[in-house]
Amino acid sequence: MQIKNLKDPILVAPSPTPFNKDDSVNYSAIEKNVSKWLETPLTGFVLGSENGEESFLSQEEKIKIVSTVSQVNSGEKIVIGGLDNPSTIETIKESEKLVKSGTDLIRIRIPRNRDSVMPYFESVLDKIPVPVLVIHQMAPGNFDKFSTETGASSEDIGEICSHPNVFGYISSSLIRFEAKVKQHIPAEKKFWTCNGILTLPGVAIGANGACMMFGNIAPKISLDILSLAMNNQLDQAYELHSSIIDADWNVLSSGAAGLKYALDLLGFEGGLPRSPMLELNEKKKRLISESLTKSGLI
């Protein structure tokens, strides 16, 4: 897909990775899921994410997942390859492999070593062959925590995002800090919020899109909240926003296992997380099922 043709608001979702009973990647399930998402208003897929169990996948599996999604997608939606590597040379090598496999954008986490952040981006941004999404996610997987450390100053993040090869920025849950970051992001760059509950406050500080787990579950509602809020139809946006709070909280707080269980309930191929991660207990399953029902999703 030609990313220059994308219109705001943009909604992408970190795709889960289904596994077979023997713990191997279930590529046919990936194909089925992508085919179903192609029928929704979701703008694109993020492959290689915490919700996709990135730390449990080999590099070869990540590349094959991208190839599989790209083949089914056939250019209809954007494909984003996720990277989280503190090495500049390995980041460049991995990005080249992802691009050859079909990614339109490369999503890069801000490195956790604060002193290396600026040298890292100065080294890689000119050499990555497609535009880059910068994500401010310093503690991947800690979705139920109320605060995480910032990875760089708001001024440094703004400078990074000013680079010609940066497509945009995915904010963190630290809404107070991100409001300051927005002051330094060039107006022509994308500024996305990071989860369902934060969609409405994210738009309030300037978000024009989102990259969030809830987009897998309810892409239409998620896009409707974005569109309504961006068009200042706040009463309708708030009504929808209020309807998904429990669902977003209960699913995201349970990580990949929660997302997969929710997708199973919605007719997708979710399945179990990769060993040694455990499936949800009955209490968490009940909370997810009840909250999806309350939201009108099942």
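In the numbering used here, the protein residues as written are -8 to 289.
All C-beta atoms in this analysis are idealised placements derived from N, C-alpha and C, irrespective of residue type, glycine included.
- For the segment 2 to 19 and the segment 200 to 208, state whether three or more C-beta atom pairs, one from each stretch, are separated by less than 8 Å. yes
- Helix, strand or coil: how does DSSP classify residue 265 here? coil
- Query: How long is the line joining the alpha carbons of residue 88 and residue 52, rounded to whole angstroms?
  - Reply: 12 Å
- Message: For residue 49, count the other beta carbons within 10 Å of its own beta carbon; 16 or more makes it buried, fewer makes it exposed. Which is it?
- Response: exposed
- Query: Are the beta-carbon atoms belonging to residue 80 and residue 34 less than 7 Å from one another?
  - Reply: no
- Message: Judging by CA-CA distance, which residue of 54, 162, 110 and 176 is the nearest neighbour of residue 146?
- Response: 176
- Item | residue 42 vs residue 247 beta-carbon contact at 7 Å | yes
- Could you check if residue 266 is buried or exposed, using at least 16 other CB atoms within 10 Å of its CB as the buried criterion? exposed
- Message: Within 10 Å of its beta-carbon, does residue 284 have 16 or more other beta-carbons around it, so buried, or fewer, so exposed?
- Response: exposed
- Are the segment 85 to 99 and the segment 53 to 64 in contact at 8 Å, needing three or more beta carbon pairs? yes
- Closer than 7 Å, CB to CB, is residue 104 near chain D or not? Absent from the structure is chain D; it holds one protein chain and no more.
- Distance between residue 223 and residue 160 (C-alpha atoms, nearest Å): 22 Å
- Query: What residue range is occupied by the uninterrupted alpha helix (DSSP H) comprising residue 184?
  - Reply: Here residue 184 belongs to no alpha helix (DSSP H); instead the beta strand (DSSP E) covers 181 to 184.
- Item | Beta-carbon proximity of residue 156 to residue 182, cut-off 7 Å | no
- Taking the C-alpha atoms as reference points, what is the distance between residue 164 and residue 19? 34 Å
- Contact set for residue 93: own chain, Cβ-Cβ below 7 Å, skip 5 residues either direction: 57, 58, 61 and 70
- Where residue 172 falls: helix, strand or coil (DSSP): helix
- Could you tell me the distance, in whole angstroms, from the CA atom of residue 149 to the CA atom of residue 66? 30 Å
- Message: Whole angstroms are fine: how far does the CA of residue 75 sit from the CA of residue 32?
- Response: 28 Å
- Is the segment 210 to 228 touching the segment 253 to 268, taking contact as three or more C-beta pairs under 8 Å? no
- beta strand (DSSP E) segment containing residue 4, residue limits: 1 to 5
- Message: Please classify residue 241 as buried or exposed, where buried requires at least 16 other C-beta atoms within 10 Å of its C-beta.
- Response: buried
- Message: Suppose you measure from the CA of residue 158 to the CA of residue 152; what does that come to, to the nearest Å?
- Response: 8 Å
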